[in-house]
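Q: Before we start, here is the structure in question, set down as structure tokens.
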Amino acid sequence: MQFSTREDIEAPIETVFAEITDFQAFERSALRRGAEVRRIDDLSTPGVGMAWHVGFMMRGKRREIQMQLSEYDPPNGITLSSMSPAMGGAMMIDLVALSRGRTRMSVDLTLKPKNLASRLLVQTLKLARSNLTKRFKLRAAEYAMDVEDRYKRSV
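Residues are numbered in this note's numbering as their position in the sequence shown, beginning at 1, plus a constant of 1212.
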């Protein structure tokens, strides 16, 4: 199952890349939403190999996943891979400079079930695909607006 969206952001590509690689901010955001996040690598600077163990509740069941930064290409984008016993996935965020102060952010999320139970979960998600796609695009648009607002306040 795949979700994708594209957003244009009124900020330079370097600023947008700095925002999407502010991993500590994402960790804090996940913690505020009730997830448990633990960094499991020992890298001191952002780069390929950064990894996290994440635990959260979804559909009434405890989920545990390992997230790893599998591609890190400043300022063009990143890829995060996720692995769990039941499901694998990847999130690719690509950035393209449209002009000096405008950046296009493309986000692709792919989920790959590994067993029967996760296939059933993906099938139920497919039944609600239009609603989930709408929510995915809305959340990406909100994030793009937040990045724009932070950039405008800093200038």
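The beta carbon of each residue, even a glycine, is placed where N, CA and C say it ideally should be.
What you are looking at is a predicted structure, and each value in this text was computed from that prediction instead of being measured.
How long is the line joining the alpha carbons of T1345 and S1256, rounded to whole angstroms?
A: 35 Å
Q: With a threshold of 16 other CB atoms inside 10 Å of the CB of M1317, please say whether the residue is buried or exposed.
A: buried
Q: Using the C-alpha atoms, what's the distance from R1245 back to P1322?
A: Going by the sequence as given, residue 1322 is Thr instead of Pro. Cα to Cα, the separation comes out at about 22 Å.
Q: Can you list the alpha helix (DSSP H) stretches of 4 or more residues lying completely in the stretch 1303 to 1350, in chain order?
A: Listed in chain order, the complete alpha helix (DSSP H) runs (minimum 4 residues) inside the stretch 1303 to 1350 are 1328 to 1339.
Q: Using a 10 Å radius around the Cβ and a threshold of 16 neighbouring Cβ atoms, would you call T1336 buried or exposed?
A: exposed
Q: For E1222, which residues in the same chain have their Cβ closer than 8 Å to its Cβ, ignoring the five residues on either side in sequence?
A: G1313, R1314, E1360, Y1363, K1364
Q: Write down the C-beta distance between K1326 and A1298 rounded to the nearest angstrom, noting that I regard them as a contact closer than 8 Å.
A: 6 Å
Q: Starting from V1367, follow the alpha helix (DSSP H) in both directions and report where the run begins and ends.
A: Taken as a continuous stretch (DSSP letters only), V1367 belongs to no alpha helix (DSSP H), as it is neither H nor E.
Q: Is it the case that the CB of A1263 approaches a heavy atom of the ligand HEM more closely than 6 Å?
A: The model on display carries no ligand, and the ligand HEM is accordingly not part of it.
Q: Compute the Euclidean distance between the alpha carbons of I1252 and P1287, then round it to the nearest angstrom.
A: Looking at the backbone, the Cα of I1252 and that of P1287 are separated by about 25 Å.
Q: If I measure Cβ to Cβ from G1267 and keep anything under 6 Å in the same chain, skipping five residues before and after, which residues do I get?
A: E1248, E1276
Q: Out of M1270, R1274, D1234, point me to the one whose CA is closest to G1289's CA.
A: Per the Cα distances, D1234.
Q: Cutting at 8 Å between CB atoms, please list the residues of its own chain near M1269, excluding the five before and the five after it.
A: G1246, R1275
Q: Cutting at 6 Å between CB atoms, please list the residues of its own chain near S1330, excluding the five before and the five after it.
A: The residues are A1298, M1299.
Q: Look at the alpha carbon of L1310 and the alpha carbon of E1219, and state the distance between them as a whole number of angstroms.
A: 12 Å
Q: Between V1260 and S1282, which are expected to be in contact by the criterion C-beta below 8 Å, what is the C-beta distance as a whole number of angstroms?
A: 7 Å
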